[in-house]
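Notes for the one structure printed next.
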Amino acid sequence: MVDTLQAISTALQVVCGAAIVSNVLAVVLFAATKQLRVKYYGFAFNLVLGDIAAPTFILLVKFRAYLQVPSVVSLSLFHTSLCAVELSILAIAVNRLLALTITPPARYDAMVTRGRMLAACLLIWVISAALYVPTTHINTPLVAYMLRPLISLVILLITAVLYCTVFRQIARYTPPLASTEGARADESVARARLRQTRYLMITFAIILVTCFACWIPFCIANFMNYVSGKIYSVQPQSLKVLYQLSLLLLMLNSLINPFIYWWRIREFRDGMYRWVCLVRGSADPENEVVTLQTMQEPEN
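Note that UniProt numbering gives residue 277 to position 277 of the sequence shown, counting from 1, and the numbers run on in steps of one.
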């Protein structure tokens, strides 16, 4: 069992390192690609930052003896980062619901500005810290193994309900009567926004499903630790193995997300292809991007 725990710990460190590298690359692509530097992807960028922070703080916990960082600080920041990831996925659904329900489209654009988007992203981190910093310092079995996982599950369930609401709103959309030139222009913008919303919501619904798949084993492991009635250091080895495996799966979620961006977001792929062309020293990266994409299906 000791060898198994050591193997899982090593695998966890490798996954965390890979997750950090892949998400740092995603941050650079979001920052360097003009089409991604829009408020449309604001909460997605916040999600990427959370996916960098969570594995980073896990590594700080693993190497706390060398780095002299108090474990309670690293764990507080780790749980805060995980909550920020969940709340960012939730915020994407709220933002898209507002985009569909606030009409005309110009009114939404006036309300949801870059400054307000930035403030909302900061608020996500503040709320996450307010939820998890105190609960990490109150390290009782009830709080550590029941309350914190339940908070995460409640956030995910609320997010799932909101995603269903947005998809229902998309299905029920009916264009307004375009009797004037201005109304026709608004309808055109609304239809384009509807297509954007549908595609973005499908992308982040996939991320939400993977998030559920990775979180549920972690929550179950925590609940089992609570039922055992013992602190982690004196838990049976089998429960320790289960907990570490669930933590490994949770960090795999952070590693998987950049690949979902690459698969689903065309602008993300374009930015990566331009980088590849620059590394290859291509004289005409725009041409190379077109060539690399000739075998890809157009987005719906």
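The beta-carbon is built from N, C-alpha and C at its ideal position, and this holds for glycine as well. Just so we're clear, the structure is a prediction, and the values are computed from it rather than from any experiment.
Asked                                                                                                                 : Found
CB of residue 334 within 8 Å of CB of C83, strictly                                                                   : It is not possible to answer for residue 334, since the shown part of the chain is limited to 1 through 300.
C-beta atoms of L90 and L157 nearer than 8 Å                                                                          : no
Selection from P134, V234, L150 that minimises the alpha carbon distance to P217                                      : L150
Straight-line gap, I202 to S246 (C-alpha atoms, nearest Å)                                                            : 26 Å
Rounded straight-line distance, which links the Cα of W262 to that of A205                                            : 15 Å
Nearest-angstrom Cα separation, counted from V276 out to V61                                                          : 35 Å
Exposure label - P105; buried when at least 16 CB within 10 Å                                                         : buried
Neighbourhood of L194 by C-beta distance below 8 Å, restricted to the same chain and skipping five residues each side : L100, I170, Y173
Contact between the region 32 to 42 and the region 6 to 14 (3+ Cβ pairs under 8 Å)                                    : no
Q235 (DSSP reduced to helix, strand or coil)                                                                          : coil
Beta-carbon proximity list for I231, same chain, < 8 Å, skipping 5 on both sides                                      : P141
Integer-rounded CB distance, given that S22 should sit under 8 Å from E86                                             : Contact flag wrong, Cβ pair sits at about 19 Å.
Buried or exposed by the 16-neighbour rule on C-beta atoms within 10 Å, applied to K34                                : exposed
Where the alpha helix (DSSP H) containing L97 begins and where it ends                                                : 71 to 101
Alpha helix (DSSP H) segment containing N46, residue limits                                                           : 42 to 62
Sequence-distant residues of the same chain with beta carbon closer than 6 Å to V48, five excluded per side           : N23, A26, V27
Residues near I260 in its chain [Cβ-Cβ closer than 8 Å; skip 5 each side]                                             : T203, I206, I207, T210
Residue burial classification, D3 (beta-carbon count within 10 angstroms, cutoff 16)                                  : exposed
Helix, strand or coil at K39 according to DSSP, with G and I counted as helix                                         : helix
CA-to-CA distance, F78 to M146, given in whole angstroms                                                              : 17 Å
Contact set for V241: own chain, Cβ-Cβ below 8 Å, skip 5 residues either direction                                    : M1, T4, L5, I8
Beta carbon of R64 nearer than 8 Å to that of S74                                                                     : yes
Reduced DSSP secondary structure (H/G/I, E/B, other) of V154                                                          : helix
C-alpha gap between V94 and A120, whole angstroms                                                                     : 11 Å
Complete runs of the alpha helix (DSSP H) confined to the region 209 to 269 [at least 4 residues]                     : 237 to 264
Nearest neighbour of R168, chosen from A144, L278, V143, R198 [CA to CA]                                              : R198
Through-space distance from S238 to N225, alpha-carbon basis                                                          : 11 Å
Alpha helix (DSSP H) segment containing P105, residue limits                                                          : 105 to 111
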